[in-house]
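Working notes, beginning with the structure itself.
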Amino acid sequence: MIRRAYEVVDLDVSDTGYVECHGTGTPMGDPIETKAVARVFGEAGVIIGSTKPNFGHTKGVSSILTVLKDCKLALAEEPLFWPEGRLERVSLNSFGLGGTNAHAIIDSAASYKAPAGPRIEEAAQILLYSASTQQSLTTPIGNYKTFIGETALNVEDVAYTLTRGREHLPYHAFAIANGSSVGAASPITKPGQQKPKIAMVLTGQGAQWHQMGGDLLKSNPTFRSSIRLNTLH
Numbered sequence: 001m002i003r004r005a006y007e008v009v010d011l012d013v014s015d016t017g018y019v020e021c022h023g024t025g026t027p028m029g030d031p032i033e034t035k036a037v038a039r040v041f042g043e044a045g046v047i048i049g050s051t052k053p054n055f056g057h058t059k060g061v062s063s064i065l066t067v068l069k070d071c072k073l074a075l076a077e078e079p080l081f082w083p084e085g086r087l088e089r090v091s092l093n094s095f096g097l098g099g100t101n102a103h104a105i106i107d108s109a110a111s112y113k114a115p116a117g118p119r120i121e122e123a124a125q126i127l128l129y130s131a132s133t134q135q136s137l138t139t140p141i142g143n144y145k146t147f148i149g150e151t152a153l154n155v156e157d158v159a160y161t162l163t164r165g166r167e168h169l170p171y172h173a174f175a176i177a178n179g180s181s182v183g184a185a186s187p188i189t190k191p192g193q194q195k196p197k198i199a200m201v202l203t204g205q206g207a208q209w210h211q212m213g214g215d216l217l218k219s220n221p222t223f224r225s226s227i228r229l230n231t232l233h
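As structure tokens, this is what we get:
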């Protein structure tokens with residue numbers, strides 16, 4: 001599958017500097033995966049790693065270590081310099097619970113930076129501001145107005161980032177921007193406070209532990225009644 005992924009896009013595996021493994025820490029799956037990586041990348045050598053053990057999906061020790069000593073693979077345990085002579089290209093493995101496997105090849109975006117083009121006539125944009133306090137919202141409102149007026153950035157990009165790429169905090173304000181001209185901001189407001197609903201997500205596939213959910217069973221009536229209802233079926 002890995003070789004096929006590289007063949008489809010006509011890339012050389014020897015240029016890749018890092019492989020992100022699925023690495024769930026299972027005695028059967030990890031050796032199979034690392035042996036496959038070694039067969040494809042082992043001749044030139046490659047750095048491998050997996051984020052799942054770092055995020056608690058598995059225990060910190062897995063059988064992957066028994067394979068690493070037998071092939072030209074180096075485990076990325078701390079920040080490393082990128083391998084000299086390699087492209088900024090990363091391979092990623094994913095093995096689904098139902099048997100669907102996937103492999104992705106990701107190149108650095110540095111080589112794809114588009115040159116700044118000429119400014120075009122733009123429609124008016126709404127700039128949404130938010131902050132955790134009323135006082136802390138005043139400074140960014142002024143900063144954005146100055147920033148947009150002094151740079152050649154597309155105001156549509158700024159508006160999109162403020163709307164979709166930032167966390168919306170309790171205190172809000174907005175301003176209308178036409179090109180590099182930003183109007184006065186609206187009065188700062190704070191929406192009415194509503195008690196948030198609690199959502200509980202209990203994953204499967206190796207994330208269980210002894211007495212998982214025990215505290216919820218004791219303290220949360222909704223969770224307790226749901227579990228009891230499930231045990232009837």
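Per UniProt numbering, numbering of the sequence shown is gapless, rising by one per residue and ending at 233. Even glycine gets a Cβ: it sits at the ideal position worked out from N, Cα and C. Note that this is a predicted model, so its numbers are computed, not measured.
Would you report the Cα separation of tyrosine 171 and threonine 151, rounded to the nearest angstrom?
Against the sequence shown, residue 171 aligns to sequence position 171. Against the sequence shown, residue 151 aligns to sequence position 151. In a straight line, the C-alpha of tyrosine 171 is about 27 Å away from that of threonine 151.
Validate contact between the stretch 16-29 and the stretch 82-97 using beta carbons, cut 8 Å, 3 pairs
yes
Would you mind listing the alpha helix (DSSP H) stretches within the stretch 108-175 that are 4+ residues and don't spill past its ends, in chain order?
134-150, 155-164
Of the residues Ile198, Thr231, Leu232, the one placed nearest leucine 216, counting alpha carbons only:
By 1-based counting over the sequence shown, the position of residue 216 is 216. Of Ile198, Thr231, Leu232, the residue nearest in Cα terms is Ile198.
Would glutamate 167 and serine 130 be called neighbours here (beta carbons separated by less than 9 Å)?
On the sequence shown, position 167 is the one that residue 167 refers to. On the sequence shown, position 130 is the one that residue 130 refers to. Their beta carbons are under 9 Å apart, which means glutamate 167 touches serine 130 by this criterion.
Between alanine 104 and alanine 38, what straight-line distance do the alpha-carbon atoms span, to the nearest angstrom?
Working through the sequence shown from its first residue, we reach residue 104 at position 104. Working through the sequence shown from its first residue, we reach residue 38 at position 38. Each residue's alpha carbon lies about 17 Å from the other.
Since alanine 177 contacts alanine 124 with CB under 8 Å, what's their CB separation in whole angstroms?
Locating residue 177 in the sequence shown gives position 177, counting from the first residue. Locating residue 124 in the sequence shown gives position 124, counting from the first residue. With a Cβ gap of about 7 Å, alanine 177 and alanine 124 count as contacting.
Just how far apart, CA to CA, sit isoleucine 2 and aspartate 15?
Locating residue 2 in the sequence shown gives position 2, counting from the first residue. Locating residue 15 in the sequence shown gives position 15, counting from the first residue. Looking at the two C-alpha atoms, the distance is approximately 14 Å.
Provide the residue span of the beta strand (DSSP E) that contains leucine 92, from first to last.
Along the sequence shown, read from residue 1 onward, the residue named residue 92 stands at position 92. Segment 89-95, the beta strand (DSSP E) holding leucine 92.
Apart from the five residues just before and just after leucine 169, which ones in its own chain have a Cβ nearer than 7 Å to its Cβ?
Position 169 of the sequence shown, counted from the start, is the residue given in the question as residue 169. So the list reads Ser130, Ala131, Ser132, once near-sequence residues are dropped.
Limits of the alpha helix (DSSP H) - the one that glycine 29 falls within:
Working through the sequence shown from its first residue, we reach residue 29 at position 29. Taken as a continuous stretch (DSSP letters only), the alpha helix (DSSP H) holding glycine 29 covers 29-41.
Whether phenylalanine 95 touches glutamate 33 by CB criterion (9 Å):
Sequence index remark: in the sequence shown, residue 95 carries index 95 (1-based). Sequence index remark: in the sequence shown, residue 33 carries index 33 (1-based). It is a contact, given that the beta carbons lie within the stated cut-off.
Quick test of your reading: glycine 23 and aspartate 30, contact by CB under 8 Å. State the CB separation rounded to the nearest angstrom.
Here residue 23 corresponds to residue number 23 of the sequence shown, with the count starting at 1. Here residue 30 corresponds to residue number 30 of the sequence shown, with the count starting at 1. About 6 Å; that satisfies the 8 Å criterion.
Is there at least one Cβ from chain C nearer than 9 Å to serine 108's Cβ?
Looking at the structure shown, chain C is missing, and only one protein chain is on hand.
Is serine 181 helix, strand or coil by DSSP?
Counting from 1 along the sequence shown, the entry for residue 181 is found at position 181. Strand at serine 181.
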